[in-house]
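Peer 1: Those protein sequences? They're chains A and Y, same order as listed. If you're matching positions, the first sequence starts at 1 in my numbering and goes up one per residue. If you're matching positions, the second sequence starts at 1001 in my numbering and goes up one per residue.
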Amino acid sequence: MTACEHNRKISAYHDGELPGEECRDLEEHIRECSTCAQELEQLRSLSRLLAAAEMPGMSSDVLERLHSSVSSVREVFVLRTAERVMTVAAALLVVCAVWFWQTAGALDSGIERLEDWEIAAVWPQTEAPAEASAEEMLAQWMVLDLSQENGSD
Amino acid sequence: MNRERSRSLLRKTAHLHANDLELVRRARRGSDAAFHELVDRHAGRLFGLAFSLIGNAADAEDVVQETFLGALRGLRAFKGRSSVKTWLIRILVKQAARHHRSRSTRETVSLDDISEASASVLGKQQAAASTRRLDIRMDVLAALETLSPEHRQVIVLRELQGMSYQEMAEVLRIPRGTVESRLFRARRELKERLKGYLP
Ligand SMILES: [Zn+2]
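1) Got a sec? Which residues, its chain only, sit under 8 Å from A3(A) by beta carbon, not counting five neighbours each side?
2) For V1171(Y) and chain A, any beta-carbon pair shorter than 8 Å?
3) Please report the distance separating the alpha-carbon of L1038(Y) from that of W1087(Y).
4) Find the residues of chain A that neighbour G1074(Y), judging by a C-beta separation of less than 7 Å, and give them in chain order.
5) With a threshold of 16 other CB atoms inside 10 Å of the CB of G16(A), please say whether the residue is buried or exposed.
6) I'd like to check one pair, A1143(Y) with L1190(Y): are the Cβ atoms closer than 8 Å?
7) I'd like the list of long-range same chain contacts for E1107(Y), defined as Cβ closer than 7 Å, with 5 residues on each side in sequence excluded.
8) Going by beta-carbon coordinates alone, are A969(Y) and L1053(Y) separated by less than 8 Å?
9) Which word fits R1026(Y), buried or exposed, when buried means at least 16 other C-beta atoms lie within 10 angstroms of its C-beta?
10) Please give me, in chain order, every unbroken run of the alpha helix (DSSP H) with length at least 4 that falls completely inside the region 5-91 of chain A.
11) Starting from the Cα of G1080(Y), find the closest Cα among L1134(Y), R1028(Y), D1135(Y), R1176(Y) and give me that residue.
12) Alpha carbon to alpha carbon, what distance is there between T1067(Y) and R80(A)?
13) When the Cα of V1024(Y) is compared with those of K1195(Y), R1076(Y), L1092(Y), which residue comes out closest?
14) Who are the near neighbours of A1186(Y) in its chain, counting only those whose CB is closer than 7 Å to its CB and skipping five residues on each side?
15) Mind checking which residues open and close the alpha helix (DSSP H) that includes H1169(Y)?
16) Considering R1081(Y), what are the terminal residues of the alpha helix (DSSP H) in which it resides?
17) Can we count T35(A) as close to ligand 2, meaning its CB is less than 7 Å from some heavy atom?
18) Does the separation of the CB atoms of L1072(Y) and V70(A) fall below 8 Å?
19) Relative to chain Y, which residues along the region 32-46 of chain A have a C-beta separation below 8 Å, given in chain order?
20) Looking at L1198(Y) and S45(A), is the spacing between their C-beta atoms short of 8 Å?
21) Count the other CB atoms within 10 Å of the CB of F100(A); is the residue buried (16 or more) or exposed (fewer)?
22) Alpha carbon to alpha carbon, what distance is there between G20(A) and K9(A)?
23) Quick one: which chain Y residues come within Cβ less than 7 Å of L63(A)?
24) Identify the continuous alpha helix (DSSP H) that holds E1192(Y) and give its terminal residues.
25) If you compare alpha carbons, which of Y1165(Y), V1084(Y), F1078(Y) is closest to D1020(Y)?
26) For chain A, is any of its Cβ atoms less than 8 Å away from the one on E1180(Y)?
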């Protein structure tokens, strides 16, 4: 078979993949060129041959095994996802605990400051004399105690 | 066995009317049944494709399995730009190529494999009656075996799967022009290998 420059296009023409105008030109050419006509005939035979060699179908056993493998991987996936969720939850818990601890600390000192501020603002005069009198009383008890001890001898 | 069958029946009734894309969406949201329905719909065709790319039933089954597991892993990444069928075929072609690379020099076209696969599907009597078809299949598979993986891909996708050049370009991620030229060269080789059958 001598080569023809249009030979390469026969394959796409055979597949119906040649654009309209090119397709009509080639059809005209094929009517006159025995090389291309033979090429087309061969490609048609090749396609018929390949179609005749139909590949074996899939047995129901294979289908069942496919379903099982998908199921088991899906289960592993779900387990892993659950594991990941648990890990993330645990990490979140730690983060939350640390955050809460720090925030609670800050809140505590906030409350202390607030109390200090409130005490200082609201009871500056009343609180101080009470403390002073307590000190005075303590001093008086100590003096009394000492004098009683000495006095017992 | 029975449990599997009743589960499969349940699957069918639950997702019968959903299209492939909807099934992917449902599977992504965690529906096992939706993914199993995808397996039911596509496994047969994918198996035929794997068999013609690889040449034996056991490896074809492996590749189809890897394809569905790959799809399962890729559920989230699938954006629906191509059809689900094209997506699955793309995964399968890749898995088959990987399989081809990892496979050493073992016999690929085995008569036992083909007879067994035929027998399990057609039944023993019909299998015996299709001996001539089996001969053709043997010769065709042997011829396909001599092609490079790239040439074999385009032949199988075009001739056995009936895909358009555009679909093949999508599946193989190559330009349409490359599909055309690859197919031309693959056919030239194949004609030479199978010239006993051709005019
Ligand atoms: Zn010509």
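In this text, a Cβ means the ideal position worked out from N, Cα and C, and glycines have one as well.
Peer 2: Here's the rundown:
1) Reading the first sequence from its first residue, position 3 is the one you call residue 3(A). Excluding residues within five positions, the ones whose Cβ falls inside 8 Å are T35.
2) Along the second sequence, read from residue 1 onward, the residue named residue 1171(Y) stands at position 171. Closer than 8 Å: no.
3) As a working mapping, residue 1038(Y) is identified with position 38 in the second sequence. As a working mapping, residue 1087(Y) is identified with position 87 in the second sequence. Each residue's Cα considered, the two are about 12 Å apart.
4) One-based indexing of the second sequence puts residue 1074(Y) at position 74. Per Cβ cutoff of 7 Å: no residues; G1074(Y) is ~13 Å from chain A at best.
5) Counting from one through the first sequence, the residue named residue 16(A) turns up at place 16. Exposed: under 16 other Cβ atoms inside 10 Å.
6) As a first step, residue 1190(Y) must be located in the second sequence, where it is residue number 190. As a first step, residue 1143(Y) must be located in the second sequence, where it is residue number 143. Yes, the Cβ-Cβ distance between L1190(Y) and A1143(Y) is below 8 Å.
7) Against the second sequence, residue 1107(Y) aligns to sequence position 107. Here the model assigns E1107(Y) a pLDDT of 44, short of 50, so the residue's position is not dependable, and the following value carries that caveat. Excluding positions up to five away in sequence, the list is empty.
8) Because chain Y here runs from 1001 to 1199, residue 969(Y) falls outside it and cannot be looked at.
9) Taking the second sequence and counting its residues from 1, the one referred to as residue 1026(Y) is at position 26. Its Cβ being crowded by 16 or more others within 10 Å, R1026(Y) is buried.
10) 7-14, 20-32, 34-52
11) Position 80 of the second sequence, counted from the start, is the residue given in the question as residue 1080(Y). It is R1028(Y) whose Cα lies nearest to the Cα of G1080(Y).
12) Looking up residue 80(A) in the first sequence gives position 80. Looking up residue 1067(Y) in the second sequence gives position 67. Between R80(A) and T1067(Y), the C-alpha separation is close to 21 Å.
13) Walking along the second sequence from the start, residue 1024(Y) turns up at place 24. Closest option to V1024(Y), Cα to Cα, is R1076(Y).
14) Locating residue 1186(Y) in the second sequence gives position 186, where the first residue counts as 1. Cβ within range, chain order: L1147, H1151, V1154, I1155.
15) Residue numbering aside, residue 1169(Y) sits at position 169 when the second sequence is read from its first letter. The residue you asked about is not His; residue 1169(Y) is Ala in the sequence shown. Here the alpha helix (DSSP H) through A1169(Y) covers 1165-1172.
16) As a first step, residue 1081(Y) is located in the second sequence; it is residue number 81 there, counting from the start. Unbroken run through R1081(Y): none, as it is neither H nor E.
17) This structure simply doesn't include ligand 2; it includes ligand 1 instead.
18) The residue you call residue 1072(Y) lines up with position 72 of the second sequence. The residue you call residue 70(A) lines up with position 70 of the first sequence. In contact: L1072(Y) and V70(A) (Cβ atoms closer than 8 Å).
19) Q38, E41, Q42, L43, S45, L46
20) Against the first sequence, residue 45(A) aligns to sequence position 45. Against the second sequence, residue 1198(Y) aligns to sequence position 198. Against a cut-off of 8 Å, the Cβ pair of L1198(Y) and S45(A) comes out as a contact.
21) Indexing the first sequence from 1 puts residue 100(A) at position 100. Flag for F100(A) reads exposed.
22) In the first sequence, residue 9(A) corresponds to position 9, counting from 1. In the first sequence, residue 20(A) corresponds to position 20, counting from 1. Near 13 Å, if we compare the C-alpha coordinates of G20(A) and K9(A).
23) By 1-based counting over the first sequence, the position of residue 63(A) is 63. Under the 7 Å cutoff, chain Y gives A1043.
24) Here residue 1192(Y) refers to the residue found at position 192 when the second sequence is read from its first residue. 1176-1193 is the span of the alpha helix (DSSP H), which, as asked, contains E1192(Y).
25) Taking the second sequence and counting its residues from 1, one reaches residue 1020(Y) at position 20. The residue with the shortest Cα to Cα distance from D1020(Y) is V1084(Y).
26) As a first step, residue 1180(Y) must be located in the second sequence, where it is residue number 180. Interface residue, yes.
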